[in-house]
Ligand code: ADP
Ligand code: MG
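Numbering (my numbering), first residue to last: 1 to 591.
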């Protein structure tokens, strides 16, 4: 049989937005990809369903979703089935790359044409770049899927060259000496147990919908320093953990993700910018290329890769982009690295599923999302995790943008069920410019360890609650009716909120607080909370007293805010607990 005959083909018989049907006569595999020839271009699609053809007993009908714009497609256009599932190219060069949702490199494509056109394709990884390959196995060695045969330096990382994960036991037949190679060159030949030979390169394709296995899955135990105080104190995340970050439009989800990109301590950050405003994605590429990693001084992109869904991409590609990003994350976890994957926003991802299942005529679940949306969301977050076997981890932080900020909707609910941490952004706090707008009272939760003790964490939450209750009292029955002791508690709570929970994401020093500094802050908070401030009750009436207390606390807050932005040396940093000790003892303000 010649290869032309072996190609399995079909023809388009129905087109409905990104969903098409095709008639075929050979076999078709569930989930395999296909190429549709439209106007001389080749558009990628994925088989979703296979049915018998009611009109033709010899034929079948496939339903496919097309990842690219179908303008110009006609009934009768040819479909070629590839036999391969949706996959991603893994290998050196992933870092610093920017792709669309199907791993087409955006920078490369824009050299040809500033606008992405359907069917435009470029190699996912640079084929000309040279990598210094050092072998780590020799002829005669036995290797199997996931084993390293050598490594290349990729930036600061040692990028292991792995045997593709679906390989069984193989014998190394040949391997090159240490040398510079590109990703198209063969570096080793192995033979499998049937004696069949396989050429190995620096890269291989990996299906995206079945996870890369763990060596030894472990419970996340080590806490990530994200630099964001309210997170690291009240709702921390461990390496390998999962977080849902819901918030109404404009509450600061994207700003928070950018903070994490800059400051979260991890080897690799992957961003899946999923269906959010296209301009935003472009800004990220430009901004991050110029930004320096605060810890290394190098370009932020050196530890990043970005999957962006450009405006010209249909929604189906959003679904793909999250799976592709997860697979890249798992690949680096398998190499022993700590990876943080940021997906903004998983609601747009879920909407892609909703549109597709709507077109497929599935029975809809709540709010027209597919019935199995909770399982799909759970399945996505389950791919995160720590691996004791490799020492690596994949942390997954997904934003959710519920319509109208309603956290009861299905995607937010399913996300809360699937994740270990919860950072809910509140409209009220965003409106009051209390950034980051994570509400410490109702919307923080985490199964991971904080950098401070559970008791101290609880002390902070308690004083914030108390202050909030007193605030309600003040606004309903007036300040007059609030006893002085309560008013002091109220001021303490306000101080913890204003000086600890709130943080300026755009100030170099304040934007990032590391654990050592958190400990100092915690000491300061403890000093503040564990004091009963005594005032001379006879000197003035309650109203005068409250007004004086407010003035004092205002001064403290101003001082503390300045400390947040200005204290950098150890000596400067250590002044906080002492300052607060003096404040509560009122040494500076002798009555
Ligand atoms: P979302 O992604 O939730 O729709 P954004 O992250 O785009 O919202 O935030 C909207 C705007 O809110 C930002 O452009 C910025 O002006 C403001 N903002 C959000 N977070 C912060 C922050 N931490 N510090 C200062 N301003 C912020
Ligand atoms: Mg956003």
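We treat Cβ as the ideally placed atom computed from N, Cα and C, and that holds for glycine.
Item checked: Contact belief for residue 165 with residue 145 at Cβ below 8 Å, rounded distance in angstroms -> In the chain shown, counting from the first residue as 1, residue 165 sits at position 165. In the chain shown, counting from the first residue as 1, residue 145 sits at position 145. With 8 Å as the limit, residue 165 and residue 145 qualify as a contact, their Cβ atoms being about 4 Å apart.
Notebook entry, point to check: Bridge partners of residue 198, per DSSP?
Noted result: Taking the chain shown and counting its residues from 1, the one referred to as residue 198 is at position 198. DSSP lists 190 as partners of residue 198.
Checklist line | Option nearest residue 240 by Cα separation, candidates 211, 338, 321 | finding: Within the chain shown, the letter at position 240 stands for residue 240. For residue 240, the nearest C-alpha among the options comes from 338.
Margin query: Quick check: the region 208-215 against the region 359-372, are at least 3 beta-carbon pairs closer than 8 Å?
Written below: No: fewer than three Cβ pairs fall under 8 Å.
Notebook entry, point to check: Is residue 20 helix, strand or coil by DSSP?
Noted result: Numbered from 1 along the chain shown, position 20 holds the residue referred to as residue 20. If DSSP states are grouped into helix, strand and coil, residue 20 belongs with the strands.
Next item on the list: Measure the beta-carbon distance from residue 223 to residue 236 and round it to whole angstroms, keeping in mind my assumption that it falls under 8 Å.
Entry: What you label residue 223 is simply residue 223 of the chain shown in a count that begins at 1. What you label residue 236 is simply residue 236 of the chain shown in a count that begins at 1. Indeed they touch by this definition, with Cβ atoms about 5 Å apart.
Checklist line | Neighbourhood of residue 589 by C-beta, 7 Å cutoff - its chain only, sequence neighbours within 5 removed | finding: The residue given as residue 589 occupies position 589 in the chain shown. The pLDDT assigned to residue 589 is 49, lower than 50, so where the model puts this residue is not dependable, and the model offers no usable value.
Notebook entry, point to check: Can you give the Cα-Cα distance for residue 498 and residue 94, rounded to whole angstroms?
Noted result: Here the question's residue 498 lines up with position 498 in the chain shown. Here the question's residue 94 lines up with position 94 in the chain shown. For residue 498 and residue 94, the distance between alpha carbons rounds to 41 Å.
Item checked: Simplified DSSP assignment, three categories, for residue 217 -> Translated into positions along the chain shown, residue 217 becomes position 217. Of the three classes helix, strand and coil, the one that applies to residue 217 here is strand, per DSSP.
Check: Near residue 495, what residues of its chain come up, given a Cβ to Cβ distance below 8 Å and the 5 sequence neighbours on each side ignored?
Finding: Position 495 of the chain shown, counted from the start, is the residue given in the question as residue 495. Around residue 495: 528, 553, 556, 557, 560.
Next item on the list: Tell me whether residue 386 is buried or exposed, calling it buried when 16 or more other Cβ atoms sit within 10 Å of its Cβ.
Entry: Working through the chain shown from its first residue, we reach residue 386 at position 386. Of the residues assessed, residue 386 falls on the buried side of the cut-off, its CB having 16 or more other CB atoms within 10 angstroms.
Check: Fully enclosed by the region 250-329, which alpha helix (DSSP H) runs are 4 residues long or longer?
Finding: The region 250-329 contains these whole alpha helix (DSSP H) runs: 253-263, 278-290.
Check: In chain order, what residues of the same chain have a beta carbon less than 7 Å from the beta carbon of residue 173, not counting five sequence neighbours either side?
Finding: Within the chain shown, residue 173 is the residue found at index 173, counting from 1. These residues qualify, in order along the chain: 139, 189, 190, 191, 197.
Item checked: Extent of the continuous beta strand (DSSP E) run through residue 206 -> In the chain shown, residue 206 corresponds to position 206, counting from 1. That run of the beta strand (DSSP E) goes 204-207.
Notebook entry, point to check: Using the C-alpha atoms, what's the distance from residue 470 back to residue 430?
Noted result: The residue you call residue 430 lines up with position 430 of the chain shown. The residue you call residue 470 lines up with position 470 of the chain shown. So the two alpha carbons sit approximately 21 Å from each other.
Next item on the list: Out of 342, 377, 343, state which residue places its alpha-carbon closest to the alpha-carbon of residue 353.
Entry: Numbered from its first residue, the chain shown carries residue 353 at position 353. Shortest Cα-Cα distance from residue 353 to any of 342, 377, 343 involves 377.
Check: Three or more beta-carbon pairs under 8 Å between the region 265-276 and the region 428-443, yes or no?
Finding: With the cut-off at 8 Å, the region 265-276 and the region 428-443 do not touch.
Check: Over what stretch of residues does the beta strand (DSSP E) that includes residue 74 continue unbroken?
Finding: On the chain shown, residue 74 is found 74 positions in, with the first residue counted as 1. Note, residue 74: premise wrong, no beta strand (DSSP E); not H, not E.
Notebook entry, point to check: So, is residue 54 buried or exposed, given that buried needs 16 or more other C-beta atoms within 10 angstroms?
Noted result: For the purposes of this step, residue 54 is identified with residue 54 of the chain shown, where counting begins at 1. By the neighbour-count rule (16 or more Cβ atoms within 10 Å), residue 54 is not buried but exposed.
Note to self: If distances are taken between C-alpha atoms only, which option among 73, 514, 203 comes closest to residue 131?
What the structure shows: Here the question's residue 131 lines up with position 131 in the chain shown. Residue 131 has its Cα closest to that of 203, out of 73, 514, 203.
Check: In the structure shown, what three-state DSSP assignment does residue 499 receive?
Finding: Reading the chain shown from its first residue, position 499 is the one you call residue 499. The answer is helix: DSSP assigns residue 499 an H, G or I state.
Checklist line | Cβ-based neighbour list, residue 425, same chain, cut-off 8 Å, excluding 5 preceding and 5 following | finding: Residue numbering aside, residue 425 sits at position 425 when the chain shown is read from its first letter. Closer than 8 Å at Cβ, skipping near neighbours: 245, 246, 247, 248, 251, 252, 253, 256, 436, 437, 438, 439, 443.
Next item on the list: Return yes when at least one heavy atom of the ligand ADP lies under 7 Å from the C-beta of residue 253, else no.
Entry: Your numbering for residue 253 matches position 253 in the chain shown. Yes, since a heavy atom of the ligand ADP falls inside the 7 Å radius drawn around the Cβ of residue 253.
Note to self: Any contact between the region 507-521 and the region 443-452? By contact I mean 3 or more CB pairs, one from each, below 8 Å.
What the structure shows: Contact holds: three or more Cβ-Cβ distances are below 8 Å.
Next item on the list: Would you mind listing the beta strand (DSSP E) stretches within the region 135-182 that are 3+ residues and don't spill past its ends, in chain order?
Entry: With a minimum length of 3 residues, the continuous beta strand (DSSP E) runs that stay inside the region 135-182 are 148-154, 157-162, 170-175, 179-181.
Notebook entry, point to check: Is residue 344 near the ligand MG, in the sense that its beta carbon is under 7 Å from a heavy atom of that ligand?
Noted result: As a working note, residue 344 is residue 344 in the chain shown. Under cutoff, so the answer is yes.
Check: For the alpha helix (DSSP H) that residue 515 lies in, which residues bound it at each end?
Finding: Position 515 of the chain shown, counting from 1, holds the residue named residue 515. In the DSSP assignment, residue 515 falls within the alpha helix (DSSP H) that extends over 515-529.
Margin query: Tell me which residue opens and which closes the beta strand (DSSP E) that residue 396 is part of.
Written below: In the chain shown, residue 396 corresponds to position 396, counting from 1. That run of the beta strand (DSSP E) goes 393-400.
Checklist line | residue 89, DSSP secondary structure in three states | finding: Numbered from 1 along the chain shown, position 89 holds the residue referred to as residue 89. Assigned with DSSP and collapsed to three states, residue 89 falls in strand.
Notebook entry, point to check: Which stretch, first to last residue, makes up the alpha helix (DSSP H) that contains residue 418?
Noted result: Within the chain shown, numbered from 1, the residue matching residue 418 stands at position 418. In the DSSP assignment, residue 418 falls within the unbroken alpha helix (DSSP H) covering 410-418.
Check: Which first and last residues belong to the beta strand (DSSP E) in which residue 477 is found?
Finding: What you label residue 477 is simply residue 477 of the chain shown in a count that begins at 1. DSSP places residue 477 in no beta strand (DSSP E) but in the uninterrupted alpha helix (DSSP H) bounded by 454-477.
Next item on the list: Measuring alpha carbon to alpha carbon, tell me which of 49, 102, 80 ends up nearest residue 42.
Entry: Position 42 of the chain shown holds residue 42. Comparing alpha-carbon positions, the option among 49, 102, 80 lying closest to residue 42 turns out to be 80.
Item checked: Simplified DSSP assignment, three categories, for residue 549 -> Within the chain shown, numbered from 1, the residue matching residue 549 stands at position 549. In this structure, residue 549 counts as helix in the three-state DSSP scheme.
Check: In or out: residue 592 buried (at least 16 other Cβ within 10 Å) or exposed?
Finding: The first residue shown for the chain is 1 and the last is 591, placing residue 592 beyond what the model contains.
Notebook entry, point to check: Alpha carbon to alpha carbon, how far is residue 586 from residue 532?
Noted result: The residue labelled residue 586 in the question sits at position 586 within the chain shown. The residue labelled residue 532 in the question sits at position 532 within the chain shown. So the alpha carbons of these two residues sit roughly 11 Å apart.
Notebook entry, point to check: Are the CB atoms of residue 37 and residue 67 nearer to each other than 8 Å?
Noted result: Within the chain shown, the letter at position 37 stands for residue 37. Within the chain shown, the letter at position 67 stands for residue 67. Residue 67 is positioned such that its CB atom lies no closer than 8 Å to that of residue 37.
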